[in-house]
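Asker: Below is a structure I'd like to ask you about.
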Amino acid sequence: MKPKREPMIRGARASDRGDLVEMRLLLQRHLEASNPRIWRMTEEGERKIAEEVEQMLCGEDSRVVVAEVGGVVVGYAYGTVSRRASFTPRSVGFINGIYVREPYRRRGIGTRLVGELCKFFDAEKMEEVNLRYVVGNREGEGFWRRLGFKPIIHTANTSLEELERRL
Ligand SMILES: CC(C)(COP(=O)(O)OP(=O)(O)OC[C@H]1O[C@@H](n2cnc3c(N)ncnc32)[C@H](O)[C@@H]1OP(=O)(O)O)[C@@H](O)C(=O)NCCC(=O)NCCS
Numbered sequence: 004m005k006p007k008r009e010p011m012i013r014g015a016r017a018s019d020r021g022d023l024v025e026m027r028l029l030l031q032r033h034l035e036a037s038n039p040r041i042w043r044m045t046e047e048g049e050r051k052i053a054e055e056v057e058q059m060l061c062g063e064d065s066r067v068v069v070a071e072v073g074g075v076v077v078g079y080a081y082g083t084v085s086r087r088a089s090f091t092p093r094s095v096g097f098i099n100g101i102y103v104r105e106p107y108r109r110r111g112i113g114t115r116l117v118g119e120l121c122k123f124f125d126a127e128k129m130e131e132v133n134l135r136y137v138v139g140n141r142e143g144e145g146f147w148r149r150l151g152f153k154p155i156i157h158t159a160n161t162s163l164e165e166l167e168r169r170l
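Have a look at this one:
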């Protein structure tokens, strides 16, 4: 029998829940380490990740894909589609999260996960693909730049106290 091409990229199954919860948490930790100013997930938030993953898996307008190497789930990507009449483009695919376990990075797995989400976006006739990434997340910045994404909006924050001091 011909050996399967590794990694295998496939739609997520209910049995991937455990890996998805773990990687969603690792993604959050990575983002928090990338920039001390981003919102931190609370313990309650961490406890709710399982619910979040459930919604990701069940959402009508969403798709979760995973990468598997030697039977181990080593990465995932999560995308949603959105349509509106008040703006153009009228149909936008969002990449809401992507994570590849550290030892498996720089082997093209992230790119293949995005490729799999694009099949979903194509089938749903999306015109644009949109995402957010944290300033200071070097992996995200390099990865998305390489795929042609360009920043269009800055999100900025300060504490109310700090703002009032400056008024
Ligand atoms: C971002 C991430 C998903 C990329 O996955 P990956 O499997 O390593 O990506 P690929 O191997 O397909 O990389 C494709 C290209 O993206 C760019 N790239 C990827 N990682 C990079 C990095 N750390 N620094 C600079 N460029 C990078 C490179 O051009 C790379 O091509 P090359 O390896 O031939 O130079 C992975 O690093 C990751 O999970 N990071 C932690 C979570 C995260 O930051 N997610 C994104 C949130 S917005």
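The end of the sequence shown is residue 170 by the working numbering, with every number in the run present.
Note that beta-carbon positions come from the ideal geometry of N, C-alpha and C, so glycine has one too.
Give the range of the beta strand (DSSP E) segment to which S94 is assigned.
Answerer: Per DSSP, S94 belongs to the beta strand (DSSP E) from S94 to V103.
Asker: According to DSSP, is Y107 helix, strand or coil?
Answerer: Y107: helix per DSSP, three-state reduction.
Asker: Any chance you could list the alpha helix (DSSP H) runs of at least 4 consecutive residues sitting entirely within the stretch 12-37, in chain order?
Answerer: Entirely contained in the stretch 12-37, the alpha helix (DSSP H) runs reaching 4 residues are, in chain order, 20-37.
Asker: Just the C-alpha distance for G62 and T161, rounded to the nearest angstrom, thanks.
Answerer: If you take the alpha carbons of G62 and T161, they lie about 34 Å apart.
Asker: For R40, collect the residues of the same chain with a Cβ closer than 7 Å to its Cβ; drop the 5 residues on either side in sequence, then sort them by chain order.
Answerer: These residues qualify, in order along the chain: N160.
Asker: Sort R169, I112 and S94 by Cα distance to F146 and report the nearest one.
Answerer: The residue with the shortest Cα to Cα distance from F146 is I112.
Asker: Between E25, N99 and E71, which has its C-alpha nearest M11's C-alpha?
Answerer: Answer by Cα proximity: E71.
Asker: Considering only heavy atoms of ligand 1, does any lie closer than 7 Å to the CB of N133?
Answerer: N133 Cβ: outside cutoff for every heavy atom of ligand 1.
Asker: Is any heavy atom in ligand 1 found nearer than 7 Å to the beta carbon of H33?
Answerer: H33 Cβ: within cutoff of ligand 1.
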